[in-house]
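Structure first, commentary second.
There are 2 protein chains.
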Amino acid sequence: MNRIITIGREFGSGGREMGVRLANELGFQYYDKEIITGIVNHTDYTESYVKEIIEGNTRRIIPVTIGRSLDVDVEYQIQQMQDIVKAQTEVIKEMAEKSDCVIVGRCADYILEEDDANGKIQLFKLFVHASMESRVKRCMERRSEDEMNMTEKDMEKQIRKVDKERANYYTNYTLRKWGAKENYDICFNTTNMEIKTMVPYIARLF
Amino acid sequence: MNRIITIGREFGSGGREMGVRLANELGFQYYDKEIITGIVNHTDYTESYVKEIIEGNTRRIIPVTIGRSLDVDVEYQIQQMQDIVKAQTEVIKEMAEKSDCVIVGRCADYILEEDDANGKIQLFKLFVHASMESRVKRCMERRSEDEMNMTEKDMEKQIRKVDKERANYYTNYTLRKWGAKENYDICFNTTNMEIKTMVPYIARLF
Chain A
16 MNRIITIGRE
26 FGSGGREMGV
36 RLANELGFQY
46 YDKEIITGIV
56 NHTDYTESYV
66 KEIIEGNTRR
76 IIPVTIGRSL
86 DVDVEYQIQQ
96 MQDIVKAQTE
106 VIKEMAEKSD
116 CVIVGRCADY
126 ILEEDDANGK
136 IQLFKLFVHA
146 SMESRVKRCM
156 ERRSEDEMNM
166 TEKDMEKQIR
176 KVDKERANYY
186 TNYTLRKWGA
196 KENYDICFNT
206 TNMEIKTMVP
216 YIARLF
Chain B
16 MNRIITIGRE
26 FGSGGREMGV
36 RLANELGFQY
46 YDKEIITGIV
56 NHTDYTESYV
66 KEIIEGNTRR
76 IIPVTIGRSL
86 DVDVEYQIQQ
96 MQDIVKAQTE
106 VIKEMAEKSD
116 CVIVGRCADY
126 ILEEDDANGK
136 IQLFKLFVHA
146 SMESRVKRCM
156 ERRSEDEMNM
166 TEKDMEKQIR
176 KVDKERANYY
186 TNYTLRKWGA
196 KENYDICFNT
206 TNMEIKTMVP
216 YIARLF
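Note that the protein sequences, when read in sequence, are chains A and B.
Per our numbering, the first sequence starts with residue 16, numbered consecutively.
Per our numbering, the second sequence starts with residue 16, numbered consecutively.
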């Protein structure tokens with residue numbers, strides 16, 4: 016039976032790093048951005064449009080299809096969102112069927128619960144979080160060249176924005192509270208944790 | 016440097032079992048009821064009175080001292096509570112200074128944070144929780160002879176009552192929300208976890 020580790024994470028908490036390292040440690044496939052590529056392949060929508068939806072920024076939705084021009088129409092927008100949500104579910108279920116893997120974000124914890132309950136897979140749901148202070152520090156240290164002018168205050172604002180988008184998307188999709196410990200098997204607080212040192216030990220839990 | 020594992024836990028989630036097993040696995044001292052004995056030794060109060068305070072049931076407080084009779088007086092009650100809280104802090108800090116240990120409940124996570132920040136000890140703060148369904152199941156299986164007449168509904172009521180007392184006590188003492196994941200290093204959901212099987216792996220994290 017395939018073992019699937021899903022990781023929900025606060026922005027800047029190192030959830031992605033934990034996911035990559037766990038996958039390496041365990042020899043599991045790692046999926047993150049591949050989900051978007053999968054959705055694009057399952058639908059007619061462009062990558063940038065899928066990202067708009069997936070990243071939860073639903074207020075900015077403008078329907079864009081490849082090679083077609085359409086009126087902006089609310090009903091159509093809803094249809095598009097449903098298409099993408101359906102494709103996301105299919106893509107994640109396919110990934111889980113293929114092999115042991117780590118899936119970061121994308122409501123994978125919720126999507127795979129049914130297959131876990133039916134004994135098709137063995138699911139471990141993690142959530143990674145940290146104090147705002149340590150997340151700002153982490154993000155400042157890892158700034159891209161474009162972000163070099165950002166102050167700590169700007170970074171905190173950015174973190175809160177991304178978290179809000181993730182929370183909205185998760186709640187819209189699952190009707191659950193994002194990050195509520197009840198929805199996960201283990202919640203890791205990385206504020207005082209060196210992820211690199213801890214991952215070999217965390218990996219043994221699965 | 017002594018390693019201290021504190022365990023906060025929802026009633027019926029198996030937090031105590033995890034604590035006992037972790038202490039055995041790691042060869043750490045285990046403290047739970049010993050804290051009450053310690054407080055009794057540090058103060059003039061009886062064990063039953065200390066329990067009343069410690070278990071958060073502050074509305075039922077009746078001042079009782081050994082060998083003395085006193086008028087019920089609110090100011091005096093507050094003084095007694097402060098004595099007990101002070102003694103609890105001393106007892107827990109002494110335990111942490113003595114050796115590696117696991118301490119269950121009693122706001123130990125909060126009490127020991129300062130010593131952790133000062134580099135006197137290495138603190139790991141755990142919280143153990145589970146779904147109401149699995150907690151009722153666990154408690155029904157472990158009923159004492161006195162509890163044999165309890166229905167699942169009675170048990171759920173009892174679980175909610177104890178949790179409320181723990182939450183009140185924790186919040187009164189720490190001004191924090193009991194069970195909020197931000198206050199712990201790791202939160203374990205034992206709903207789908209066999210504690211006995213997992214503890215050897217969990218122990219490696221420390």
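Glycine included, C-beta positions come from ideal geometry on N, C-alpha and C.
The structure displayed is predicted, hence computed values, not measured ones.
Using only CA atoms, which one of B:Val119, B:Met96, B:Phe221, B:Gly53 lies nearest to isoleucine 68 of chain B?
Along the second sequence, one-based indexing puts residue 68 of chain B at 53. When only C-alpha atoms are compared, the closest one is B:Met96.
Note down, in chain order, every chain B residue with its Cβ under 7 Å from the Cβ of tyrosine 125 of chain A.
Walking along the first sequence from the start, residue 125 of chain A turns up at place 110. Neighbours of tyrosine 125 of chain A on chain B: none; closest Cβ ~15 Å, over 7 Å.
Interface flag, histidine 230 of chain B vs chain A, CB-CB below 8 Å:
Here chain B comprises residues numbered 16 to 221, so residue 230 of chain B is not present and cannot be evaluated.
Coil, strand or helix - leucine 141 of chain B by DSSP
As a working mapping, residue 141 of chain B is identified with position 126 in the second sequence. Leucine 141 of chain B carries a strand assignment under DSSP once its states are collapsed to helix, strand and coil.
Measure from the C-beta of isoleucine 217 of chain B to each C-beta in chain A and report whether the shortest distance is under 8 Å.
Looking up residue 217 of chain B in the second sequence gives position 202. Answer yes: the Cβ-Cβ gap between isoleucine 217 of chain B and chain A drops below 8 Å somewhere.
Paired residues, beta bridge with phenylalanine 203 of chain B - DSSP
The sequence position of residue 203 of chain B within the second sequence is 188, counting from 1. Its beta-bridge partners are A:Ile201, B:Val143.
Using alpha carbons as the reference points, say which of B:Asn133, B:Tyr125, B:Asp178, B:Ser159 lies closest to methionine 147 of chain B.
The residue given as residue 147 of chain B occupies position 132 in the second sequence. Answer by Cα proximity: B:Asp178.
Nonlocal neighbours in the same chain, by C-beta distance under 6 Å from leucine 232 of chain B, ignoring five residues either side
One cannot answer for residue 232 of chain B here, as it falls past the ends of chain B, which runs 16 to 221.
Valine 35 of chain B (DSSP reduced to helix, strand or coil):
By 1-based counting over the second sequence, the position of residue 35 of chain B is 20. Here valine 35 of chain B sits in helix by DSSP.
Out of A:Thr21, A:Asp59, A:Thr52, A:Ile99, state which residue places its alpha-carbon closest to the alpha-carbon of leucine 37 of chain A.
Numbered from its first residue, the first sequence carries residue 37 of chain A at position 22. Checking every option, the nearest Cα to that of leucine 37 of chain A belongs to A:Thr21.
Identify whether glycine 30 of chain B lies in helix, strand or coil by the three-state DSSP scheme.
Residue numbering aside, residue 30 of chain B sits at position 15 when the second sequence is read from its first letter. The three-state secondary structure of glycine 30 of chain B, taken from DSSP, is helix.
Of all the residues that make up the region 105–130 of chain B, which are near chain A by a beta-carbon distance shorter than 7 Å?
Listed by position, the residues of the region 105–130 of chain B near chain A (Cβ gap below 7 Å) amount to none.
Inter-residue spacing [alpha-carbon to alpha-carbon] between methionine 208 of chain B and lysine 196 of chain A
Translated into the one-based positions of the second sequence, residue 208 of chain B becomes position 193. Translated into the one-based positions of the first sequence, residue 196 of chain A becomes position 181. Here the alpha carbons of lysine 196 of chain A and methionine 208 of chain B stand approximately 15 Å from one another.
With distances taken between CB atoms, is the gap from arginine 157 of chain B to isoleucine 174 of chain B smaller than 8 Å?
One-based indexing of the second sequence puts residue 157 of chain B at position 142. One-based indexing of the second sequence puts residue 174 of chain B at position 159. No, the pair does not count as a contact, with Cβ atoms beyond the cut-off.
What are the uninterrupted segments assigned as beta strand (DSSP E) that are 3 or more residues long and contained completely in the region 91–152 of chain A, given in chain order?
Runs of the beta strand (DSSP E) lying entirely within the region 91–152 of chain A, each at least 3 residues long, are 116–119, 136–144 in chain order.
Per DSSP, asparagine 17 of chain A is paired with what?
Counting from one through the first sequence, the residue named residue 17 of chain A turns up at place 2. DSSP lists A:Ile136 as partners of asparagine 17 of chain A.
Looking at the unbroken alpha helix (DSSP H) that takes in tyrosine 60 of chain B, where does it start and where does it end?
Counting from one through the second sequence, the residue named residue 60 of chain B turns up at place 45. Unbroken run through tyrosine 60 of chain B: none, as it is neither H nor E.
Buried or exposed (CB count within 10 angstroms, at least 16 for buried), methionine 163 of chain B
Sequence index remark: in the second sequence, residue 163 of chain B carries index 148 (1-based). By the neighbour-count rule (16 or more Cβ atoms within 10 Å), methionine 163 of chain B is not buried but exposed.
Can you name the residues of chain A whose CB is closer than 7 Å to the CB of phenylalanine 26 of chain B?
The residue given as residue 26 of chain B occupies position 11 in the second sequence. Within chain A, no residue comes near phenylalanine 26 of chain B; the closest Cβ sits about 15 Å away, beyond 7 Å.
Residues that asparagine 207 of chain A contacts on chain B, provided the C-beta gap is smaller than 8 Å
Counting from 1 along the first sequence, the entry for residue 207 of chain A is found at position 192. Correct list: Asp200.
Taking the alpha-carbon positions, what's the valine 143 of chain B to tyrosine 60 of chain A distance?
Looking up residue 143 of chain B in the second sequence gives position 128. Looking up residue 60 of chain A in the first sequence gives position 45. A direct Cα-Cα distance of roughly 43 Å separates valine 143 of chain B from tyrosine 60 of chain A.
Residue range of the unbroken alpha helix (DSSP H) whose run includes arginine 181 of chain A:
Locating residue 181 of chain A in the first sequence gives position 166, where the first residue counts as 1. Going by DSSP, arginine 181 of chain A is part of the alpha helix (DSSP H) stretching over 167–189.
Going by other Cβ atoms of all chains shown within 10 Å of its Cβ, with 16 needed for buried, is lysine 140 of chain B buried or exposed?
Residue mapping note: residue 140 of chain B aligns to position 125 of the second sequence, counting from 1. By the Cβ neighbour-count rule, lysine 140 of chain B is buried, with 16 or more other Cβ atoms within 10 Å of its own.
Where asparagine 187 of chain B meets chain A, residues with beta-carbon distance less than 9 Å:
The residue given as residue 187 of chain B occupies position 172 in the second sequence. Simply none; closest approach about 22 Å.
Close beta carbons around asparagine 204 of chain B, own chain, < 7 Å, minus the five adjacent residues each side
Working through the second sequence from its first residue, we reach residue 204 of chain B at position 189. Excluding positions up to five away in sequence, the list reads His144, Ala145.
What's the gap between the Cα of lysine 113 of chain B and the Cα of asparagine 198 of chain B?
For this step, residue 113 of chain B is matched to residue 98 along the second sequence. For this step, residue 198 of chain B is matched to residue 183 along the second sequence. Those two C-alpha atoms are separated by around 24 Å.
By Cβ distance, which residues of its chain are closer than 6 Å to isoleucine 217 of chain A, with the 5 residues on each side in sequence left out?
Along the first sequence, one-based indexing puts residue 217 of chain A at 202. Residues of the same chain with their beta carbon placed closer than 6 Å to that of isoleucine 217 of chain A are lacking, with the five preceding and five following residues left out of the count.
Is the CB-CB distance between tyrosine 45 of chain A and valine 117 of chain A below 8 Å?
As a working mapping, residue 45 of chain A is identified with position 30 in the first sequence. As a working mapping, residue 117 of chain A is identified with position 102 in the first sequence. Taking 8 Å as the cut-off, the Cβ atoms of tyrosine 45 of chain A and valine 117 of chain A count as close.
For methionine 16 of chain B, which of B:Gly134, B:Gln92, B:Ile54, B:Gly34 has the nearest alpha-carbon?
Counted from its first residue, the second sequence places residue 16 of chain B at position 1. B:Gly134 is the residue among B:Gly134, B:Gln92, B:Ile54, B:Gly34 whose C-alpha sits nearest the C-alpha of methionine 16 of chain B.
Residues near arginine 121 of chain B by beta carbon distance below 8 Å, same chain, minus five either side:
Reading the second sequence from its first residue, position 106 is the one you call residue 121 of chain B. Contacts found: Ile50, Ile69, Gln103, Ile107.
Grouping DSSP H, G and I as helix and E and B as strand, with all else coil, what is glycine 53 of chain A?
Working through the first sequence from its first residue, we reach residue 53 of chain A at position 38. For glycine 53 of chain A, the secondary structure class from DSSP, reduced to helix, strand or coil, is helix.
Strictly below 9 Å CB to CB, what residues from chain B border methionine 213 of chain A?
In the first sequence, the residue the question calls residue 213 of chain A occupies position 198. For methionine 213 of chain A, the chain B residues whose C-beta falls within less than 9 Å of its own C-beta are Leu220, listed in chain order.
So, is serine 159 of chain A buried or exposed, given that buried needs 16 or more other C-beta atoms within 10 angstroms?
As a first step, residue 159 of chain A must be located in the first sequence, where it is residue number 144. Classification for serine 159 of chain A: exposed.
Pick from B:Tyr125, B:Ser63, B:Phe43 that is closest to threonine 189 of chain B, judged by C-alpha positions:
On the second sequence, position 174 is the one that residue 189 of chain B refers to. The residue with the shortest Cα to Cα distance from threonine 189 of chain B is B:Tyr125.
For the alpha helix (DSSP H) holding lysine 211 of chain A, just list the boundary residues, first then last.
Counting from 1 along the first sequence, the entry for residue 211 of chain A is found at position 196. Here the alpha helix (DSSP H) through lysine 211 of chain A covers 210–218.
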